[in-house]
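Just so you know, we're using the numbering used here here: the sequence shown kicks off at 40 and counts up by one.
Just so it is clear, CB atoms sit at the ideal spot from N, CA and C, and this is done for glycine as well.
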Amino acid sequence: MSTHNLFLLRHVMTGKVLVSPRLRLDSVLLNQIGEHRPQNKVRPDHWVPFLAVTGFKRPETVASLQAAIAPPHKFFGPKTRWPLPEANRNDGWKIPDMVKERTIALCRALETSDAVRADVHGSSASQQAQDGLAAAATADTNAAAADAAALDAPTALTMWWERDEFRYLVDEADIFWPEFVAHEKMTLARGRYPVWPEGSGVNEVVYDPAAARVHKSKQHA
């Protein structure tokens, strides 16, 4: 059974981040980073997925998260000057600021979004959980909070990470990933194309290793 998914992709040179329900990027997504001038187009070879969240039941849930994490800019931002200044090689590679910001924003949205709660738990459980948490806040009792926590669903979403350190960026904000998500390592073919294990339910493919091998063998024939 296929699922609806959310992808966070980083630019290999600028470190900026696009959030998309598909791996094949539409140039309209550039409005998330203020670069949606008419002449600008997405360069697919410049964008690498660093996080994929899979397992959503409804496309509306994905759309609400996308809007919460990366709201579109109304106006153009400053033009990027090329070539970019060369980084000091002695400094090493650093996690881009926007990767941090949007990873933390995703964590908060997963915890607070009514759409996510309804997608994971169902609408009735969502309302019960909200009522239980409200009762806990009013009565200040551990029992009410426990009742709400008991409604937590088993693992419903899977988060696939390009790098393990990205997963722990939320520690800087002193927040935690919800219990209904599982974390897995993302396998990237040629350093850029996700390869999904059998049974993952993800049909989003932009690179077929088998087809690539056939094409390569024909070139050398």
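Subject >> Bridge partner(s) assigned by DSSP for E223 >> reply: Here residue 223 corresponds to residue number 184 of the sequence shown, with the count starting at 1. W199.
Original post:
Whose CA, out of R231, F95 and N79, lies closest to the CA of H160?
Top reply: Sequence index remark: in the sequence shown, residue 160 carries index 121 (1-based). That would be F95, whose Cα lies nearest to the Cα of H160.
Subject >> Pairwise C-alpha distance: K224 and V138 >> reply: Translated into positions along the sequence shown, residue 138 becomes position 99. Translated into positions along the sequence shown, residue 224 becomes position 185. Roughly 17 Å separates the two Cα atoms.
Subject >> heavy atom of the ligand FMN below 7 Å from K80 C-beta >> reply: Annotation note on the ligand FMN: not contained in the displayed structure, which lists no ligands.
Original post:
First and last residue of the beta strand (DSSP E) that includes T151?
Top reply: The residue you call residue 151 lines up with position 112 of the sequence shown. Annotation for T151: no beta strand (DSSP E) segment contains it, though the alpha helix (DSSP H) segment containing it runs D136 to T151.
Original post:
Between A102 and L145, what straight-line distance do the alpha-carbon atoms span, to the nearest angstrom?
Top reply: For the purposes of this step, residue 102 is taken as residue 63 along the sequence shown, with counting starting at 1. For the purposes of this step, residue 145 is taken as residue 106 along the sequence shown, with counting starting at 1. Taking the straight line joining both Cα atoms gives about 13 Å.
Original post:
Is H43 buried or exposed, if buried means 16 or more other CB atoms sit within 10 Å of its CB?
Top reply: Here the question's residue 43 lines up with position 4 in the sequence shown. With 16 or more other CB atoms across the displayed protein chains lying within 10 angstroms of its CB, H43 is buried.
Original post:
Measuring CB to CB, does F46 end up less than 8 Å from E201?
Top reply: As a working note, residue 46 is residue 7 in the sequence shown. As a working note, residue 201 is residue 162 in the sequence shown. No, they are not a contact pair.
Original post:
Among the residues of its own chain, which have a CB less than 7 Å from the CB of N70, if the five just before and after it don't count?
Top reply: Numbered from 1 along the sequence shown, position 31 holds the residue referred to as residue 70. Exclusion of the five residues before and after N70 leaves P111 and H112 as the residues of its chain whose Cβ lies within less than 7 Å of its Cβ.
**OP:** Might you give, ordered along the chain, the residues of its own chain that have their beta carbon closer than 6 Å to the beta carbon of H75, omitting 5 neighbours on each side?
**Re:** On the sequence shown, residue 75 is found 36 positions in, with the first residue counted as 1. Cβ-Cβ distances below 6 Å link H75 to L69 in the same chain, with the five nearest sequence neighbours on each side left out; the list follows chain order.
**OP:** Flag E237 as yes if its beta-carbon sits less than 8 Å from any beta-carbon of chain D, otherwise no.
**Re:** Among the chains in the structure shown there is no chain D, since it carries only a single protein chain.
**OP:** Taking the CB atoms as reference points, tell me whether V51 and V87 lie closer together than 8 Å.
**Re:** For the purposes of this step, residue 51 is taken as residue 12 along the sequence shown, with counting starting at 1. For the purposes of this step, residue 87 is taken as residue 48 along the sequence shown, with counting starting at 1. Yes; because the gap between Cβ atoms is below 8 Å, this pair is in contact.
**OP:** Could you tell me the boundaries of the alpha helix (DSSP H) in which V266 lies?
**Re:** Nothing can be reported for residue 266: it is not among the residues displayed for the chain, which extend from 40 to 260.
**OP:** Decide if W132 is buried, meaning its Cβ has at least 16 other Cβ atoms within 10 Å, or exposed.
**Re:** As a position in the sequence shown, residue 132 is number 93, starting the count at 1. Under a 10 Å Cβ-count criterion, W132 is classified as exposed, with fewer than 16 other Cβ atoms of the shown protein chains found around its own Cβ.
Subject >> Contacting residues, own chain, Cβ-Cβ under 8 Å from P77 (five flanking each side not counted) >> reply: As a first step, residue 77 is located in the sequence shown; it is residue number 38 there, counting from the start. So no residue of the chain qualifies.
Subject >> Extent of the continuous beta strand (DSSP E) run through Y207 >> reply: By one-based count along the sequence shown, residue 207 stands at place 168. Boundaries cannot be given for Y207, as no beta strand (DSSP E) includes it and DSSP labels it neither H nor E.
Original post:
Which value, in whole angstroms, describes the spacing of the CA atoms of L227 and P233?
Top reply: One-based indexing of the sequence shown puts residue 227 at position 188. One-based indexing of the sequence shown puts residue 233 at position 194. The straight-line gap from Cα to Cα measures roughly 4 Å.
Subject >> Residues bridged to V51 (per DSSP) >> reply: The residue you call residue 51 lines up with position 12 of the sequence shown. V51 pairs with nothing; no bridge assigned.
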